[in-house]
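Sequence lines, in order, name chains A and B. Mapping the first sequence onto the numbering used here, position 118 (from 1) lands on 118, and the numbers just tick up by one. Going from the second sequence to the numbering used here is simple: count from 1 and add 151. We put the CB at the ideal spot given by N, CA and C, even for glycine. The structure under discussion appears below in the form of structure tokens.
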Amino acid sequence: MPLCPMRLAFLSCEWYKFARQIKVNMTTQRSVPVYLNLLRIRFPVGAVTSIAHRLSGVLLFLSLPVLIYLLDLSLQSPEDFEKALSYINNCWFEAGLVLIIWSFMHHLLSGIRFLLIDIDKGVTLAIARRSAWLVNLCAPVLALACLWWIL
Amino acid sequence: MSRPTHGLRDWLLQRLTAVYLGIFLVYLLAHFMLQPQHTYQQWHDWVTQPARVIAMALFILAVLVHGWVGMRDVVLDYVHAISLRLTILSLIGLSLIGCGLWSLRVLIQAST
């Protein structure tokens, strides 16, 4: 059927009604809750472990250039090696280092937990919750132990 | 979106690299626990021992693969606007390649 002006007008009228209906639906008949109070949503401990695994992964990715720079510096010459050591012993840098090592420990421990779960070890809810607590608590403790020992 | 995806392959790569990264890093940590203090010469010799250079080169490769799959998954989950997503993904890819080349140069420079 060729598109004569009359038909075009009819079509646009239909289109208008259709668009209007969508608009009405969107404004008045919306029944989904849109407001979520984040403070009232309780995260299960496994979810905390999981999201922290992602967060720590992103942090580790971001810290890559810093770590490579330190490695580069430490291998150049004895003077640069001393310079790298003095960077590490700087208190501001150390604060960042705590974060990096904590991220590393958490990523390592929760990674091991995920791998174990992948091969069907510790899948039941009770054990999975306990191992999640273990990972969340051991990571900062190990990170501090690591700093205390090495630096 | 007609590009074939390789979900299972990436899943497996992520886990294989994870195992290697984990073993190497625990080894590294154990070394630093047993010998916290280094002089420059000790450190240089330790890093440039041939077997360790190869292990480190593999480690760098594993970091690149593991970092790429992980960061890509995070971006795909949280960034939905296509242009922004592509921009971030290419920045991540480029910086990973840059990090890889840089650390490879560090290793080669130190051992020659």
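- Here DSSP, grouped into helix, strand and coil, assigns B:P201 to helix.
- When B:W162, B:L159 and B:Q260 are compared, the shortest CA-CA separation from A:S74 is found for B:Q260.
- Among the residues of chain A, none has a CB under 9 Å from the CB of B:W197; the nearest is roughly 10 Å distant.
- Under the 8 Å Cβ criterion, the stretch 40-54 of chain A counts as touching the stretch 125-136 of chain A, having at least three qualifying pairs.
- Under the 8 Å criterion on CB atoms, A:P140 is classed as non-interfacial with respect to chain B.
- Taking 8 Å as the CB threshold, B:Y191 lines the interface with chain A.
- With distances taken between CA atoms, A:V45 lies nearest to A:S131 out of A:S131, A:Y69 and A:L147.
- About 4 Å separates the beta carbons of B:Y191 and A:F81, which is inside the 8 Å limit, making them a contact pair.
- Closest option to B:L215, judged by alpha-carbon separation, among B:L159, B:R160, B:H157 and B:L164: B:L164.
- Within the same chain, and ignoring the five residues on either side of B:L240 in sequence, the residues whose Cβ sits closer than 7 Å to its Cβ are R223 and V226.
- Against chain A, the CB of B:G218 has a partner CB under 8 Å away; the residue lies at that interface.
- Boundaries of the alpha helix (DSSP H) harbouring B:Q260: I233 to S262, taken from the DSSP string.
- Under the DSSP assignment, A:V141 falls in the alpha helix (DSSP H) whose first and last residues are L125 to I150.
- Between the alpha carbons of A:W102 and A:T49 lies a gap of roughly 13 Å.
- Residues of chain B whose Cβ lies closer than 9 Å to the Cβ of A:R54 are, in chain order, G221, D224, V225 and D228.
- Residue environment for A:R113: buried (at least 16 other C-beta atoms within 10 angstroms of its C-beta).
- For the stretch 96-123 of chain A, the set of residues with a beta-carbon nearer than 8 Å to any beta-carbon of chain B comprises F104, L108, G111, I112, L115 and D118, in chain order.
- Rounded to the nearest whole angstrom, the CA to CA distance from B:R236 to B:V230 is 6 Å.
- Counting only residues of its own chain and dropping the five nearest sequence neighbours on each side, A:S110 has a CB closer than 6 Å to the CB of T49, H53 and V135.
- Counting C-beta atoms within 10 angstroms of its own C-beta, B:V170 has fewer than 16 neighbours from the protein chains shown and is therefore classed as exposed.
- Judged by beta-carbon spacing, B:L255 lies within the 8 Å limit of B:I211, meaning their Cβ atoms are closer than that value.
- Only V58, F61, L64, P65, I68, L71, D72, S74, L75, P78 and F81 from the stretch 58-86 of chain A bring a Cβ to less than 7 Å from some Cβ of chain B.
- In this structure, A:I100 lies near A:S63, with their beta-carbon atoms less than 8 Å apart.
- With respect to chain A, the C-beta atom of B:G173 has a partner C-beta closer than 8 Å.
- A:L97 sits away from A:A84, with the two beta carbons spaced by 8 Å or more.
- In the three-state scheme derived from DSSP, where H, G and I count as helix and E and B as strand, A:I119 is classed as coil.
- Note that the C-beta distance between B:G251 and A:G57 is not below 8 Å.
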